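For reference, the structure discussed in these notes is given below.
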Amino acid sequence: MRKNFRLVACVIGLICCGSIPVAFAQNGIQNQQGAKTAIIDKALLDKILDKNRQSFKEGKVADYIPELGKANASSIALSVVNRDGTIVSIGDVQQRFTIQSISKIVSLMIAVLENGEQVVFNNMGYYGTDKPFNHFANLETSGKPLNPMMNAGAILTTSLIKGTGEEPFLKIRNMIRFITNNEKIDYSKSVYNSERETGNRNRGMFYLMRNNGLIDGEGEDKLNNYFKQCSIEITAEDLAKIGFFFANHCVRYDGNKQYNNPSLSQLVQSQMLIAGMYEFSGEYARTVGLPSKSGVGGGIAVSVPNKMGIGAYSPALDQHGNSVAAYRMILDLVKEKSLSLFY
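Going by the numbering used here, the sequence shown opens with residue 855, and the numbers climb by one from there.
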């Protein structure tokens, strides 16, 4: 610690007397700080997963959607896509689970690409919230959702994606396939049917927004597209690839720059940071300090800006609807490698 302090003090002194260019000095300090964020290996992930393997006992698998209640509570996986695109995954890496609310960051990306940010956010806010993910929030007062991360805003976001029938859903699925470079990704029909049959609260939001003139058309195709996108099945590794994509200006882990867009990446990550963990987002920003998005299927996708992506999975949830074990694994990794934006 003293050695690092002396180095920084020496560099600052040399800058003040003009002996070292400022840019060079900044790079030197950043290299010192970045030493701990070198490539993450399997040994570290093994240690973190083993430490948190039993955390699921403190949570509960979501059962308000009956099909989700069938998940094995003890399943656990952790994956990292390093800065150089290398992938390290441990645990139940082959376990597929539904993406749920993590799909919201992809639908937001598509809606903004097709309509522009101003059009999308004329219909909703950029705000954080102290309310649960399925709260009506201010729909009954201002008539607009608080943000695109809560269910109301996400339903509206999906409705803004162009196309008829299931075309908007297919765009979301295909974008997830592209980001993960995994053409096998599809949705679970059983989970979709379960969500559609029990989703009356979401249905209420949908019709309230239609009544407010935010959603047009007839029937429930636009709502069904939202149910379908939440039912897309992925793995922890897929989540890490999604986290990497948004962390690196919408550039894929293998270097594909088809959607390279720093401004869009900034928008999505800002929403992940302030609202991606719902009413827990403020505390999460204090402890983890990284743009993240959770889903009630048990997954959390994390973006370490300009560096890496992290995907964690365990289906037992806390009172906020966030995975207990996934959160703790992410927190341990952040502390171990000083990954928080605020370090």
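We treat Cβ as the ideally placed atom computed from N, Cα and C, and that holds for glycine.
The structure presented is a predicted model; accordingly, all values stated were derived computationally and were not measured.
query                                                                                                                                                                                            : result
Alpha carbon to alpha carbon, how far is residue 931 from residue 1090?                                                                                                                          : 6 Å
Using beta-carbon positions only, say whether residue 1183 and residue 1166 come within less than 9 Å of one another.                                                                            : yes
In whole angstroms, what separates the C-alpha of residue 1037 from that of residue 1031?                                                                                                        : 5 Å
My understanding is that residue 1059 touches residue 1009, with C-beta atoms under 8 Å, so please give their C-beta distance in whole angstroms.                                                : 6 Å
Taking the DSSP output, what are the residues bridged to residue 979?                                                                                                                            : Answer is none; residue 979 lacks a bridge partner.
Beta carbon of residue 1015, beta carbon of residue 1130: below 9 Å?                                                                                                                             : no
On the DSSP bridge list, what partners appear for residue 1087?                                                                                                                                  : 952
Mark residue 1081 as exposed unless 16 or more other C-beta atoms lie within 10 angstroms of its C-beta, in which case mark it buried.                                                           : buried
What residues in its chain sit with their C-beta under 6 Å from that of residue 1013, if we drop five residues either side in the sequence?                                                      : 1069 and 1076
Just the C-alpha distance for residue 1001 and residue 1064, rounded to the nearest angstrom, thanks.                                                                                            : 17 Å
Taking the straight line between their C-alpha atoms, what separation do you get for residue 1143 and residue 1155?                                                                              : 13 Å
Identify the residues that DSSP records as bridge partners of residue 933: which are they?                                                                                                       : 943 and 1165
Do residue 1133 and residue 983 have their C-beta atoms closer together than 9 Å?                                                                                                                : yes
Can you have a look at residue 1022 and say buried or exposed, based on whether 16 or more other CB atoms are within 10 angstroms of its CB?                                                     : buried
Given residue 1126, which residues of its chain have a CB within under 7 Å of its CB, disregarding the five upstream and five downstream residues?                                               : 959, 1145, 1146, 1147 and 1157
Could you check where the alpha helix (DSSP H) with residue 1045 kicks off and where it finishes?                                                                                                : 1043–1052
From residue 1048 to residue 917, what does the alpha carbon distance come to, in whole angstroms?                                                                                               : 11 Å
Ignore the nearest five residues each way along the sequence and tell me which others in residue 998's own chain have a CB closer than 8 Å to its CB.                                            : 977, 978, 979, 992, 1066 and 1068
Can you tell me which of 929, 1180 and 981 puts its alpha carbon nearest to the alpha carbon of residue 1094?                                                                                    : 1180
On a Cα-Cα basis, can you pick out the residue from 1086, 904, 927 and 1074 that is closest to residue 1046?                                                                                     : 1086
Flag this pair as yes or no: are the beta carbons of residue 1026 and residue 1083 separated by less than 9 Å?                                                                                   : yes
Let's see if you can read the secondary structure: which residues bound the alpha helix (DSSP H) around residue 1153?                                                                            : Careful: residue 1153 lies outside any alpha helix (DSSP H), inside the beta strand (DSSP E) at 1153–1158.
Take residue 1079 and list the residues in its own chain whose beta-carbon comes closer than 7 Å to its own, dropping the five residues that flank it on each side.                              : 1012, 1020, 1022 and 1023
Classify residue 1137: buried if its beta carbon has 16 or more other beta carbons within 10 angstroms, exposed otherwise.                                                                       : exposed
Identify, in the order they occur along the chain, each residue of the same chain with its Cβ nearer than 7 Å to the Cβ of residue 946, setting aside the five sequence neighbours on each side. : 929, 930 and 931
What's the call for residue 1192, buried or exposed, on a 16-neighbour Cβ count within 10 Å?                                                                                                     : exposed
Among the residues of its own chain, which have a CB less than 6 Å from the CB of residue 1188, if the five just before and after it don't count?                                                : 1142 and 1194
Quick one: what does DSSP say residue 1111 is sitting in, helix, strand or coil?                                                                                                                 : coil
Excluding five sequence neighbours on each side, which residues of the same chain lie with their C-beta closer than 6 Å to the C-beta of residue 1004?                                           : 987
If residue 1033 sits next to residue 1153, beta carbons under 8 Å apart, how far is it from one beta carbon to the other, in whole angstroms?                                                    : So it is not a contact: roughly 14 Å between Cβ atoms.
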